[in-house]
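Novice:
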Amino acid sequence: MSTESLRIVWVYPDLLSTYGDRGNMLILARRAQLRGMPVEVLEVRSDQRLPATADIYLIGGGEDGPQALGAQRLLADGGLHRAVAQGSVVFGVCAGYQLLGTSFFAKGTRCAGLELLDLSSDRGPTRAVGELAGEIDPRLGVPALSGFENHGGRTHLGQGVSPLARVTAGVGNDGATEGAWRGKLLGTYSHGPALARNPALADLLLRWATGTHQLPPLDDTWADRLRSERRAAVAAAARA
Amino acid sequence: MPLRAKVASSVSRTAAALSRAAGRGDGSVIGGWIGLKIDPDLLAHLSAGRAIALVSGTNGKTTTTRLAAAAVGVLGRVATNSFGANMPTGHTSALAKAGSTPYAVLEVDEHYLAQVLEATEPHVVALLNLSRDQLDRAKEVAMMAQLWRAALVRHAEVRVVANADDPMVVWAATPPADPARGINAPHVTWFSAGQRWHDDSWVCPECGATIQRSGEQWWCTGCPLRRPEPNWTVEDDGVLDSTGAWHKITLQLPGKVNIGNAATALAVAAEFGVRPVDAVSRLGTVTSVAGRYAQVNRDGRNIRLLLAKNPASWLEAFDMADEAPTLLSINARDPDGLDTSWLFDVDFAPLRGRQVLITGDRAYDLAVRLEVNGVPFQHVRTFDEAVRTAPPGRLEVIANYTAFQDIRAELDRVN
Chain C
-12 MSTESLRIVW VYPDLLSTYG DRGNMLILAR RAQLRGMPVE VLEVRSDQRL
38 PATADIYLIG GGEDGPQALG AQRLLADGGL HRAVAQGSVV FGVCAGYQLL
88 GTSFFAKGTR CAGLELLDLS SDRGPTRAVG ELAGEIDPRL GVPALSGFEN
138 HGGRTHLGQG VSPLARVTAG VGNDGATEGA WRGKLLGTYS HGPALARNPA
188 LADLLLRWAT GTHQLPPLDD TWADRLRSER RAAVAAAARA
Chain X
95 MPLRAKVASS VSRTAAALSR AAGRGDGSVI GGWIGLKIDP DLLAHLSAGR
145 AIALVSGTNG KTTTTRLAAA AVGVLGRVAT NSFGANMPTG HTSALAKAGS
195 TPYAVLEVDE HYLAQVLEAT EPHVVALLNL SRDQLDRAKE VAMMAQLWRA
245 ALVRHAEVRV VANADDPMVV WAATPPADPA RGINAPHVTW FSAGQRWHDD
295 SWVCPECGAT IQRSGEQWWC TGCPLRRPEP NWTVEDDGVL DSTGAWHKIT
345 LQLPGKVNIG NAATALAVAA EFGVRPVDAV SRLGTVTSVA GRYAQVNRDG
395 RNIRLLLAKN PASWLEAFDM ADEAPTLLSI NARDPDGLDT SWLFDVDFAP
445 LRGRQVLITG DRAYDLAVRL EVNGVPFQHV RTFDEAVRTA PPGRLEVIAN
495 YTAFQDIRAE LDRVN
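Line order of the protein sequences matches chains C and X.
With the first letter of the first sequence counted as 1, position 240 gets the number 227 in the numbering used here; the numbers rise by one all the way through.
With the first letter of the second sequence counted as 1, position 261 gets the number 355 in the numbering used here; the numbers rise by one all the way through.
#1: Take GLY332/X and list the residues in its own chain whose beta-carbon comes closer than 7 angstroms to its own, dropping the five residues that flank it on each side.
#2: Is VAL380/X helix, strand or coil when you go by DSSP?
#3: Listed from N- to C-terminal order along the chain, which residues in the stretch 120 to 139 of chain C have their beta-carbon within a distance smaller than 8 angstroms of any beta-carbon of chain X?
#4: Give the residues from the stretch 427 to 461 of chain X that approach chain C closer than 8 angstroms (Cβ to any Cβ), ordered along the chain.
#5: According to DSSP, is ALA142/X part of a helix, a strand, or is it coil?
#6: Closest by CA to LEU451/X, which one among TRP436/X, PRO485/X, ASP294/X?
#7: Just to make sure I have the definition right: I need the residues of chain X whose C-beta is within less than 8 angstroms of the C-beta of SER33/C. Which are they?
#8: Taking the beta strand (DSSP E) that TRP313/X falls in, what are its first and last residues?
#9: I believe PRO324/X touches PHE285/X by the beta-carbon criterion, under 8 angstroms. Please report the beta-carbon distance rounded to the nearest angstrom.
#10: Compute the Euclidean distance between the alpha carbons of LEU21/C and ALA364/X, then round it to the nearest angstrom.
#11: So, is VAL371/X buried or exposed, given that buried needs 16 or more other C-beta atoms within 10 angstroms?
#12: Going along chain X, which residues have a C-beta under 7 angstroms from TRP(-3)/C?
#13: Counting only beta-carbon separations shorter than 7 angstroms, does PRO180/C have a partner in chain X?
#14: Taking the alpha-carbon of GLU465/X as reference, which of ALA183/C, ALA189/C, LEU188/C, ALA187/C has the nearest alpha-carbon?
#15: What residues from chain X crowd round ASP1/C, counting only those whose CB sits closer than 8 angstroms?
#16: Which residue's Cα is closest to the Cα of ALA99/C: LEU106/C, SER90/C, ASP105/C?
#17: Taking the C-alpha atoms as reference points, what is the distance between THR113/C and GLY95/C?
#18: So what's ARG392/X in DSSP terms, helix, strand or just coil?
#19: Just confirm the distance between the C-beta atoms of GLY179/C and GLY79/C, as a whole number of angstroms; I'd bet it's less than 8 angstroms.
#20: Could you give the first and the last residue of the continuous beta strand (DSSP E) run that contains ALA173/X?
#21: Output needed in chain order: residues of the stretch 85 to 110 of chain C with a Cβ under 7 angstroms from some Cβ in chain X.
#22: In chain C, what lies closer than 7 angstroms to GLU465/X by C-beta?
#23: Measuring only between beta-carbons, confirm whether ILE14/C sits less than 7 angstroms from chain X.
#24: Looking only at its own chain, which residues have a Cβ that is under 6 angstroms from the Cβ of LEU15/C, when we skip the five neighbours before and after it?
#25: Would LEU3/C and GLY57/C qualify as a contact pair, given that the criterion is a beta-carbon distance under 7 angstroms?
#26: By a C-beta neighbour count over all protein chains shown, 10 Å radius and 16 as the cutoff for buried, is ALA213/X buried or exposed?
#27: Report the neighbours of LEU191/C on chain X: residues whose CB is nearer than 7 angstroms to its CB, in chain order.
#28: Anything in chain X within Cβ reach of LEU56/C, meaning under 8 angstroms, just list it in chain order.
#29: Quick one: is PRO203/C near chain X, going by C-beta distance under 7 angstroms?
#30: Which residues in chain X sit within 8 angstroms of PRO38/C, going by Cβ to Cβ distance?
#31: When the Cα atoms are used, what is the spatial distance from ALA493/X to TYR387/X?
#32: Taking 8 angstroms as the threshold, find out whether the stretch 201 to 216 of chain X comes into contact with the stretch 169 to 180 of chain X through three or more Cβ pairs.
#33: Taking CB distances under 7 angstroms as the criterion, tell me whether THR496/X reaches chain C.
#34: Are the C-beta of ARG18/C and some C-beta of chain X separated by less than 7 angstroms?
#35: Taking only beta-carbon atoms, is GLY50/C less than 7 angstroms away from chain X?
#36: Using the three-state DSSP reduction, which class does ILE123/C fall into: helix, strand or coil?
This is the structure:
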């Protein structure tokens, strides 16, 4: 950690917050606090400078216009790039995932991304809407991904990143892989409060940020029930 | 009315009656569906000769429609789709069922506003608000504002009653005039009913710059879009009308938000020439709206039903609810939207200190949300179990759309 407390920045909630994205910030803060870590949470609007010294940066989903504007402002600001160079954790969701790459499509034109992840996004033939599930890269030591996706993009991964998961239901990047990660940067199409259904993923981000290999376990009864209910729903839909 | 329309209208009424008799529903959709199959122009035919108001927006449209129908009722009989069946089938059914009336006040699903404007040629259209709702299939907020705007350009003769507090609505209601192409700006009467939810209007729909807020004012930092001066405003427990006269509003419906809905209803009625002073007492006769706000006594519990469909309406429901045991029920079926992410856009903190019970298809999503929110809760499997678990006295029930309908069915389709 950079200071005595864990600093979490929610990047541009005025632009990139369409689907309950606030949830990821609340969940990370709570899971850190329950482990006795002091937490500082910052919501940085797009007309403010982005501090470069936080431990975790969260970038949420958004409509086309705000996504393009968000990418422009992040490029001009430079704070996120400096933070990444210093080893900060970045978690991007949906539009926030796409803009970490080299380019993405918004409002019919190709927009420059932040080039923090070796991937590019374009438009798919159909909008991907529904449950998203996948087996997460075993190197991350996290159980299956459970989420909901709602995006028109398709994302092509380069050599410099690994897929976050192999898709078992839904579309993700392209119907085969979902999300991407490299170092302490991770992106997913599992939109909105993705960490609500994936507490182990939240803990992975916390472990990356704190450099600890193991965190004390928490009571995840309700999240576990939610995960099994969703797993059953996905299985039932596959049989139908 | 052409013969085909007469037949369609009559068959439509019969089907609706059969549906109700069979206990299958309110009959407010099936009748219209059959009628439109026989005569696709039936809605236009049924609209001809009536002075019509349309009411649309993300939230408050069913209640505002009910209140506006009560207010316009000062002038004569009013047809209205009071069961919240707000698509063209519901409008057709409502008009067919009402027979010949001089007036109609119709609630319109925001996605269908353009189509219904076309078919009904209304005298006035009320635009309440636009916020995120059922995002897995609904149009994104800015896109919806664009659709409204394009529809108003094609119907510049309609009088608009619109919410000055919602930047998306203001932008939709003020398409630029282009006299060379015969496009006039619509006549707009602005109302201010307050807006709790701001998270869908930080970015200007006109130019993409940031929208600033200070008190009740808002303005775009990049273009001239700003809050227009309202003609009607809520003040204390009443409304200031466009002449500056204040009228006390006494409702049987709870919450400040319904004072706002009442103000809007009076502004709509005024477009037909109804004086607020003549209409205001009629608003107090509305007790519940398609089950919303209905109170039912069961096993010593006074159960009150509140519908909350999206983040903005949850904030309003918490404001309306008493400090009493509260049951929350969440589904995510087709009419609700399949995605529950919005739960994290709602701050449930106002419920701290109340006994909170949760149920519904997606109770576990809610459980995870409440845990993060620091709101203790108890999960119950059924509505009956909830009633048994709550102590005697008031039980507030806040549910989203299909969860609300399920509970309403348990209570014998209470209206």
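For every residue, glycine included, the Cβ atom is placed at its ideal position computed from N, Cα and C.
Specialist: The short version:
#1: Your numbering for residue 332/X matches position 238 in the second sequence. Correct list, in chain order: TRP340, HIS341, LYS342, ILE343.
#2: Translated into the one-based positions of the second sequence, residue 380/X becomes position 286. Note: VAL380/X maps to coil in three-state DSSP.
#3: PHE135, ASN137
#4: LEU432, ASP433, THR434, SER435, TRP436, LEU437, PHE438, ASP439, TYR458, ASP459, ALA461
#5: By one-based count along the second sequence, residue 142/X stands at place 48. Looking at ALA142/X - three-state DSSP - the assignment turns out to be coil, as it is neither helix nor strand.
#6: The count along the second sequence starts at 1 and reaches residue 451/X at position 357. Closest option to LEU451/X, Cα to Cα, is PRO485/X.
#7: Taking the first residue of the first sequence as position 1, residue 33/C is located at position 46. Those within 8 angstroms of SER33/C in chain X are THR304.
#8: As a working mapping, residue 313/X is identified with position 219 in the second sequence. From DSSP, the beta strand (DSSP E) with TRP313/X extends over 311 to 314.
#9: As a working note, residue 324/X is residue 230 in the second sequence. As a working note, residue 285/X is residue 191 in the second sequence. That pair is a contact at about 6 angstroms.
#10: Numbered from 1 along the first sequence, position 34 holds the residue referred to as residue 21/C. Numbered from 1 along the second sequence, position 270 holds the residue referred to as residue 364/X. C-alpha separation (whole angstroms): 57 angstroms.
#11: On the second sequence, position 277 is the one that residue 371/X refers to. Counting Cβ neighbours within 10 Å, VAL371/X comes out exposed, since fewer than 16 surround it.
#12: Taking the first residue of the first sequence as 1, we reach residue -3/C at position 10. Ordered by position in chain X, no residue passes the 7 angstroms Cβ test against TRP(-3)/C, which lies about 12 angstroms from the chain.
#13: Within the first sequence, residue 180/C is the residue found at index 193, counting from 1. With 7 angstroms as the cut-off, PRO180/C counts as an interface residue toward chain X.
#14: Position 371 of the second sequence holds residue 465/X. Closest by alpha carbon: ALA183/C.
#15: Walking along the first sequence from the start, residue 1/C turns up at place 14. By Cβ distance, chain X contributes TRP296, VAL297, THR304.
#16: Numbered from its first residue, the first sequence carries residue 99/C at position 112. With distances taken between Cα atoms, ALA99/C lies closest to SER90/C.
#17: Counting from one through the first sequence, the residue named residue 113/C turns up at place 126. Counting from one through the first sequence, the residue named residue 95/C turns up at place 108. Whole-angstrom Cα-Cα distance: 15 angstroms.
#18: Counting from one through the second sequence, the residue named residue 392/X turns up at place 298. Correct three-state label for ARG392/X: strand.
#19: Locating residue 179/C in the first sequence gives position 192, counting from the first residue. Locating residue 79/C in the first sequence gives position 92, counting from the first residue. Actually they are not in contact, since the Cβ atoms of GLY179/C and GLY79/C sit about 13 angstroms apart, beyond 8 angstroms.
#20: For the purposes of this step, residue 173/X is taken as residue 79 along the second sequence, with counting starting at 1. Residues 172 to 174.
#21: none
#22: In the second sequence, the residue the question calls residue 465/X occupies position 371. Going along chain C in sequence order, the residues near GLU465/X (Cβ under 7 angstroms) are TRP209.
#23: As a working mapping, residue 14/C is identified with position 27 in the first sequence. Closer than 7 angstroms to some Cβ of chain X, the Cβ of ILE14/C qualifies, so yes.
#24: Translated into positions along the first sequence, residue 15/C becomes position 28. Excluding positions up to five away in sequence, the list reads ILE(-5), ALA189.
#25: Stepping through the first sequence from its first residue, residue 3/C is reached at position 16. Stepping through the first sequence from its first residue, residue 57/C is reached at position 70. Going by C-beta atoms, LEU3/C is nearer than 7 angstroms to GLY57/C.
#26: Position 119 of the second sequence holds residue 213/X. When all chains shown are included, ALA213/X counts as buried.
#27: For the purposes of this step, residue 191/C is taken as the residue at position 204 of the first sequence. Residues of chain X passing the Cβ test: none, with the nearest at roughly 18 angstroms.
#28: Reading the first sequence from its first residue, position 69 is the one you call residue 56/C. Those are VAL297, GLY302, listed as they occur along chain X.
#29: The residue you call residue 203/C lines up with position 216 of the first sequence. So no, PRO203/C is outside the interface.
#30: On the first sequence, residue 38/C is found 51 positions in, with the first residue counted as 1. Within 8 angstroms Cβ-Cβ: nothing; PRO38/C doesn't reach chain X, min ~20 angstroms.
#31: Within the second sequence, numbered from 1, the residue matching residue 493/X stands at position 399. Within the second sequence, numbered from 1, the residue matching residue 387/X stands at position 293. Approximately 12 angstroms between the Cα atoms of the pair.
#32: yes
#33: Indexing the second sequence from 1 puts residue 496/X at position 402. With 7 angstroms as the cut-off, THR496/X does not count as an interface residue toward chain C.
#34: On the first sequence, residue 18/C is found 31 positions in, with the first residue counted as 1. Taking Cβ atoms only, chain X never reaches closer than 7 angstroms to ARG18/C, which makes this a no.
#35: Along the first sequence, read from residue 1 onward, the residue named residue 50/C stands at position 63. With the sequence shown as reference, residue 50/C is identified as Glu, and Gly is not the correct amino acid for it. It does; some Cβ of chain X falls within 7 angstroms.
#36: Locating residue 123/C in the first sequence gives position 136, counting from the first residue. Reduced to three states, the DSSP call for ILE123/C is strand.
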